[in-house]
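Everything below concerns the one structure shown next.
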Amino acid sequence: MSFPLLTLLGAVPLVGALVVMFTPRATGRVTGLFISLLTTALALVVVGLAAGGRDLSEQFTWIPAFGAHWAMNADGISLTMVLLTVLLTPFVLIASWNVGHADAEDGWGPRAFSALVLVMESFALFCFMATDVLVFYIFFEATLIPMYFLIGGFGEAGRRRAAIKFLLFGLGGGLILLAGVVGVYAISAGNGQPTMLLADLAGMPMGTGTERVLFVLFFIAFALKAPMVPFHTWLPDAAESGTPGTSALLVGVLDKIGTFGMIRFCLELFPGASQWAAPVVLILALISMIYGALAAIGETDILRLIAFTSVSHFGFIVIGIFSFTTISMTGATFYMFNHAFSTGVLFLAAHFLIQRRGSQKIADYGGVQKLAPVLAGVFLLGGLSSLALPGMSSFVSEFMVIAGSFSQNIWIGGISTLGMVLAATYILLMYQRTMTGPVTEDVEEAFGEERSNDLTGRERWAVAPLLLIIFVFGFFPKPMLDLIEPAVTTTMSQVGVSDPSLTMEGSN
Amino acid sequence: MSGFTAPALEYGHLAPLIFVFLAGTFGVGVEATVPRRFRPTAQLVLVAIGLIGALITTIGNWVGALAQPDTGFFIGVEGSLAFDGPTYFIWATLIVLGALSILMFGERQLGGGATPFTPQAASLPGTPAEREATALKLEHTEVYPLAMFSLTGMMIFPAAADMLTLFVSLEIMSLPLYLLAGLARRRRLLSQEAALKYFMLGSFSSAFFVMGMALIYGYAGSFDLGIVAEAITQGAGSYSLVVGGIGLMAVGTLFKVGAVPFHNWTPDVYQGSPTVVTGFMASCVKIAAFGALLRLFFVAFGGARWDWQPFMAVIAVLTMFVGAIIGIVQDDVKRMLAYSSIAHAGFILTALVGAAQGEAIMGMTSVSSALFYLAVYGLTTVGAFAIITMVRNEGGEVTRLSAWAGIGRRNPGIAGIFALFLLSFAGIPLTSGFIGKLAVFGAAWQGGFGWLVVVAVLASLVAAFFYLRVIVVMFFSDAGDEEDGVEVVMPSWRTTLTIAVALVTTVGLGVLPNLLLPAASMAAEFLR
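For the protein sequence lines, the chains are U and B, in the order given. To convert, count from 1 in the first sequence and add 1; that's the numbering used here. To convert, count from 1 in the second sequence and add 11; that's the numbering used here.
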């Protein structure tokens, strides 16, 4: 077995968080940024090696009695998730440079923020790379802890309540998942050899009824995480009360564990039950998509609005996954990647905006574009990426999801195009209400002279790379798609489905 | 004269019991002969010799037995004690947990030079006699022999292979505990009430137990668990005797583990007893009682499994939910941990209900997973009660939850350790409690009770809520009741050592459970 590179990748931010806690208060955030960039560099090396065909899998026996192993591997889907995590984290740290309360003596300052973000990054990376159900479960639960403190320590009024709500929903999902994990372990033990390894569990014989029960347990846990309607109510609250940087990570990275888990665990472990449940899941996803969009249109709080757009987008992703076509599943995976950046830009731009004006209410804004054109421009680009404008990477993925679902079921595909229309509505309405029109008095007071309070250099550095990623992969998605597609093909063959004959060949 | 043959006793295998029992007996002698001021030291030395000797002989016997898989494990002492894997595992666990608990009996630094026990139990609370005793710095060093006698009973109880031994050891275990419960130094009326309540309800449940024994004896014609098992498997005779007997004996044992609906004594007794005794009861009694419950139901009543499994499943569900839900509204830390212990009894019962057995070397059976759970739960529990003894004001320990507000800011270290113990109770990964839950739920599912696992995780969620509530109060609430002068007092090495062991095992067995799991899986099956 070669050097455990993947474990190292996950461990760097975790050890780094400890280092940050022990550096002087003043240099803590610089150290944190440095470590997150180091993680990014290491991740790029890993992706390069894996794309070159190197076998990075690791496996060490951990608890023989349960057949649990410390097992890591990275296929295309995992690598996509790893990439989005390491590419988003440093820029969230840059954007959240001055996070924390004025009376930061109680410990909730930028240094603690950096450390917690790094801990979360580490746990998320382990989640995406784990190929052992128990290891995945442990990090699935563990991510709750740093996120709980990020919301509860740094947010706005009502943050304690939102943090507890987040934690209870998270624990609820986690414990339901625990029942599922216990189930697969018990069945494998009943078959003679207890195991938690994905490779051994996939294709394990089990009764149809049992498989369906286990699928439902896993699916509910992931639907709570992702979140899908009707399990979504914690997300807008968390986004409203948390800092936007936290929310960018929450929606961009942590919630992806849910949709990632659906592919990795629901589909691969319970292929029969996945197909059995697909119609219901697709309808739930459609409801999520439409409901999230409508709620976003009616929302008066900027951060809650962005949270609802994510509920809608997660509906899209789930449609892509459960349409069972190569193109839609590749699109869904790519969508997860893009969504992190478009929502990330939106949250960060909203953060800059709210910092200046001191209000989250849409009604308190108007005409910002005239006084802070760069900020307005970033906000618009983030929004356009969110509504999947052609030329942006999210367009490619959204198109692939819709194309794939059309070939499987024309109704699902047809209704999901409605989501695109609604997305244009909520984004453009928000832009119009906050950025265009006459400059209101309050806004003038907050922004001062024209351009005098526009984005600073640091803030531009925080969002420019994210926008660059969106554009590069918008015009040239091939590298990502080449990375994802082989892994999706493998998953498809494990589920035992093939593309319908009417597939739109060559559409990517 | 030649008509009587002396029973052939396996003294080598009985050595652990003899060590513990003699330590108690000599302890009584110490009370009679040694001057008052030397007694605490003398007692401590006796306890140490007894427990270390018992631990060494237990492990020696176990290792020796494992070397001879065919003949090493046997039912000895004229058929009254089973020397099998579960017995050795339980003995080793009981000795370690007993040592940690009894160590704290002599903690003086917390109480300003006084032990946690009343100076003179015979004097009425608030009388001049009591004040005089306090002024003279009297001490009841009898608590050590009492605890050792109780421990002897605890060790025999889960090892008993016939019903008479089972009953006698139940009483040996319980009687000293009734006394210990009433010996608190502070709030003595509450303590005496707890003792009386425990005694009354305990006697009541013993009566049920004996009645059940009579019915089973009437059916099988023997007290021997193996013969009972055979008779039940053959199924001749009046089966209603069996059902009645199982039910009544279940009442007796479920009372001791604190399962609903026989749990009512738990909160009062846990709250009223001296906290060090509560820690002893919560960890050791639970292990002994569950050991006996498992042996009784798997060995003697194994053939009637289809009859008791649904009944036990209902008990498990009730126990989990009553413990978890009523725990939420408690405003006293000790009462809250009492309801927590009820909920945990429910979680362990899921393994019993599953009745998963098997020869798989690696796999966990119901017995091994329940024993693992009990061991790690016991260790965490002893640590948690040890921390409760440290939160004090001038009037002694303060267990009101509202008074704990903000101690996480003043003493982040101690509050952090307590929070970790609570997270382990809640079953958060990387703590030993999580591995324990995984094990018992796995056993339940293997036994075909998947639905019970789903119910159990929902109960875990409810329980997690009240553990989180304490953590939030400690760390995030503004300090209330400042006028009470609540502070965390630093203890002597005795309590510190207990907490350290609990902390190391809670984290260590959470990260590397393989340090203990193989031992548990060597205790996977009872000898029949």
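Note that the Cβ used here is the ideal one computed from N, Cα and C, for glycine as well. All figures in this text were calculated on a predicted structure; none of them were measured in a lab.
Task: Straight-line gap, B/Met174 to B/Val364 (C-alpha atoms, nearest Å) - done: Along the second sequence, one-based indexing puts residue 174 of chain B at 163. Along the second sequence, one-based indexing puts residue 364 of chain B at 353. Whole-angstrom Cα-Cα distance: 22 Å.
Task: Which listed residue (U/Leu429, U/Ile416, U/Ile403, U/Arg358) has its alpha carbon closest to that of U/Asp455 - done: Translated into the one-based positions of the first sequence, residue 455 of chain U becomes position 454. Taking only the C-alpha atoms, the option nearest U/Asp455 is U/Arg358.
- [ ] Write down every uninterrupted run of the alpha helix (DSSP H) in the region 367-422 of chain B whose length is 4 residues or greater and which is fully enclosed by it, in chain order.
- [x] Listed in chain order, they are 377-399, 418-421.
Open item on the list: Going by the DSSP bridge assignment, what does U/Leu198 pair with across the sheet?
Closed with: Here residue 198 of chain U refers to the residue found at position 197 when the first sequence is read from its first residue. U/Leu198 is bridged to U/Asp133.
- [ ] Specify whether the region 347-355 of chain U and the region 377-385 of chain U touch according to this definition: at least 3 beta carbon pairs, one from each stretch, less than 8 Å apart.
- [x] yes
- [ ] Determine the extent of the alpha helix (DSSP H) in which B/Thr176 is found, giving its start and end residues.
- [x] One-based indexing of the second sequence puts residue 176 of chain B at position 165. First-last of the alpha helix (DSSP H) with B/Thr176: 174-192.
TODO: Can you pull the chain B residues whose beta carbon is under 9 Å from the beta carbon of U/Arg161, in chain order?
DONE: If you number the first sequence from 1, residue 161 of chain U lands on position 160. Within chain B, the residues near U/Arg161 are Val483, Phe487.
Task: Under 8 Å between C-beta atoms of B/Gly419 and B/Phe486 - done: Numbered from 1 along the second sequence, position 408 holds the residue referred to as residue 419 of chain B. Numbered from 1 along the second sequence, position 475 holds the residue referred to as residue 486 of chain B. Contact flag set, yes.
TODO: Check the C-beta distance from U/Thr301 over to U/Ala224 and give it rounded, since I have them as a contact under 8 Å.
DONE: The residue you call residue 301 of chain U lines up with position 300 of the first sequence. The residue you call residue 224 of chain U lines up with position 223 of the first sequence. At roughly 27 Å, the Cβ-Cβ gap does not stay under 8 Å, so U/Thr301 and U/Ala224 are not in contact.
Task: Residue burial classification, B/Ala247 (beta-carbon count within 10 angstroms, cutoff 16) - done: In the second sequence, counting from the first residue as 1, residue 247 of chain B sits at position 236. B/Ala247 comes out exposed.
- [ ] Would you decide whether B/Thr244 is buried or exposed? Buried here means 16 or more other CB atoms lie within 10 Å of its CB.
- [x] Residue 244 of chain B sits at position 233 when you count from the first residue of the second sequence. By the Cβ neighbour-count rule, B/Thr244 is exposed, with fewer than 16 other Cβ atoms within 10 Å of its own.
Open item on the list: Please return the same chain residues whose Cβ sits closer than 8 Å to the Cβ of U/Asp256, not counting the five positions on each side in sequence.
Closed with: Stepping through the first sequence from its first residue, residue 256 of chain U is reached at position 255. Lys226, Ala227, Pro228, Leu236, Ser311, Phe315, listed in sequence order.
Task: Own chain partners of B/Gly123 with C-beta closer than 7 Å, once the 5 adjacent residues on each side are dropped - done: Reading the second sequence from its first residue, position 112 is the one you call residue 123 of chain B. Closer than 7 Å at the Cβ level, and outside the excluded window around B/Gly123, lies no residue.
Open item on the list: Determine, for U/Val120, whether the minimum Cβ-Cβ distance to residues of chain B falls below 8 Å.
Closed with: Stepping through the first sequence from its first residue, residue 120 of chain U is reached at position 119. Not an interface residue.
- [ ] Identify each residue in the region 393-417 of chain B for which the Cβ-Cβ distance to at least one residue of chain U is less than 9 Å, and report them in chain order.
- [x] none
- [ ] Note down the Cα distance separating U/Pro25 from U/Leu419, rounded to an integer number of angstroms.
- [x] Sequence index remark: in the first sequence, residue 25 of chain U carries index 24 (1-based). Sequence index remark: in the first sequence, residue 419 of chain U carries index 418 (1-based). Distance between the alpha carbons of U/Pro25 and U/Leu419 is about 52 Å.
Task: The alpha helix (DSSP H) enclosing U/Met330, as first and last residue numbers - done: The residue given as residue 330 of chain U occupies position 329 in the first sequence. Looking at the DSSP string, the run of the alpha helix (DSSP H) that includes U/Met330 is 327-358.
Open item on the list: Assuming contact is defined by CB atoms lying nearer than 8 Å, are B/Ala511 and B/Phe100 in contact in what I supplied?
Closed with: Start at 1 with the first residue of the second sequence, and residue 511 of chain B comes out as number 500. Start at 1 with the first residue of the second sequence, and residue 100 of chain B comes out as number 89. Result no, Cβ atoms of B/Ala511 and B/Phe100 do not sit closer than 8 Å.
TODO: Return helix, strand or coil for B/Lys148, following the three-state DSSP convention.
DONE: On the second sequence, position 137 is the one that residue 148 of chain B refers to. Here B/Lys148 sits in coil by DSSP.
Open item on the list: If contact is defined by three or more beta carbon pairs under 8 Å, each pair taking one atom from either stretch, is the region 187-199 of chain U in contact with the region 64-76 of chain U?
Closed with: Flag = yes, the region 64-76 of chain U and the region 187-199 of chain U touch.
Task: Under 7 Å by beta carbon: chain B residues contacting U/Ile363 - done: Position 362 of the first sequence, counting from 1, holds the residue named residue 363 of chain U. In chain order: nothing, as chain B lies at least about 31 Å away.
Open item on the list: Give me the chain U residues within the contact set of B/Ala475, using Cβ-Cβ distance strictly less than 7 Å, ordered along the chain.
Closed with: Translated into positions along the second sequence, residue 475 of chain B becomes position 464. Here the neighbours are Leu172.
TODO: Could you tell me whether any Cβ in chain U is nearer than 8 Å to the Cβ of B/Asn525?
DONE: For this step, residue 525 of chain B is matched to residue 514 along the second sequence. Yes, contact with chain U.
- [ ] Mind checking the region 133-144 of chain U against chain B and listing, in chain order, the residues whose C-beta falls within less than 9 Å of any C-beta there?
- [x] Leu135, Tyr138, Ile139, Phe140, Phe141, Glu142, Ala143
Open item on the list: Tell me the rounded alpha-carbon separation between B/Ser488 and B/Ala218.
Closed with: Residue numbering aside, residue 488 of chain B sits at position 477 when the second sequence is read from its first letter. Residue numbering aside, residue 218 of chain B sits at position 207 when the second sequence is read from its first letter. Roughly 47 Å between the two C-alpha positions.
- [ ] Compare the beta carbon distance of U/Ser123 and U/Pro14 with 8 Å and say whether it is the shorter of the two.
- [x] One-based indexing of the first sequence puts residue 123 of chain U at position 122. One-based indexing of the first sequence puts residue 14 of chain U at position 13. Contact: yes.
Task: Unbroken stretches of the beta strand (DSSP E), 3 residues or longer, contained in the region 37-101 of chain U - done: 59-64, 69-73
TODO: Decide if the region 33-45 of chain B is in contact with the region 126-140 of chain B; the criterion is three or more beta carbon pairs, one per stretch, under 8 Å apart.
DONE: Here the region 33-45 of chain B does not lie against the region 126-140 of chain B, with fewer than 3 beta-carbon pairs under 8 Å apart.
Open item on the list: By the DSSP assignment, the beta strand (DSSP E) with B/Gly87 in it spans what residues?
Closed with: Numbered from its first residue, the second sequence carries residue 87 of chain B at position 76. Where B/Gly87 is concerned, the enclosing beta strand (DSSP E) stretches over 85-87.
Open item on the list: Tell me which residue opens and which closes the alpha helix (DSSP H) that U/Ala27 is part of.
Closed with: As a first step, residue 27 of chain U is located in the first sequence; it is residue number 26 there, counting from the start. It is not in any alpha helix (DSSP H) - U/Ala27 carries neither H nor E in the DSSP assignment.
- [ ] Below 8 Å between beta carbons is the criterion; list the residues of the region 45-70 of chain U that meet it against any residue of chain B, in chain order.
- [x] Trp63, Ile64, Pro65, Ala66, Phe67, Gly68
Task: Closest residue to U/Ile139 among B/Val522, B/Leu538, B/Ser249 (Cα-Cα distance) - done: Taking the first sequence and counting its residues from 1, one reaches residue 139 of chain U at position 138. Per the Cα distances, B/Val522.
- [ ] For the beta strand (DSSP E) holding B/Leu538, just list the boundary residues, first then last.
- [x] Within the second sequence, numbered from 1, the residue matching residue 538 of chain B stands at position 527. Unbroken run through B/Leu538: none, as it is neither H nor E.
TODO: Look at the Cβ atom of U/Val47, then the Cβ atom of U/Leu7, and state whether they are nearer than 8 Å.
DONE: The sequence position of residue 47 of chain U within the first sequence is 46, counting from 1. The sequence position of residue 7 of chain U within the first sequence is 6, counting from 1. Yes, the Cβ-Cβ distance between U/Val47 and U/Leu7 is below 8 Å.
TODO: With a floor of 3 residues, list each beta strand (DSSP E) that falls wholly inside the region 335-370 of chain B, ordered by position along the chain.
DONE: none
- [ ] Answer yes or no: does any C-beta atom of chain B fall closer than 8 Å to that of U/Gly184?
- [x] Walking along the first sequence from the start, residue 184 of chain U turns up at place 183. Yes, contact with chain B.
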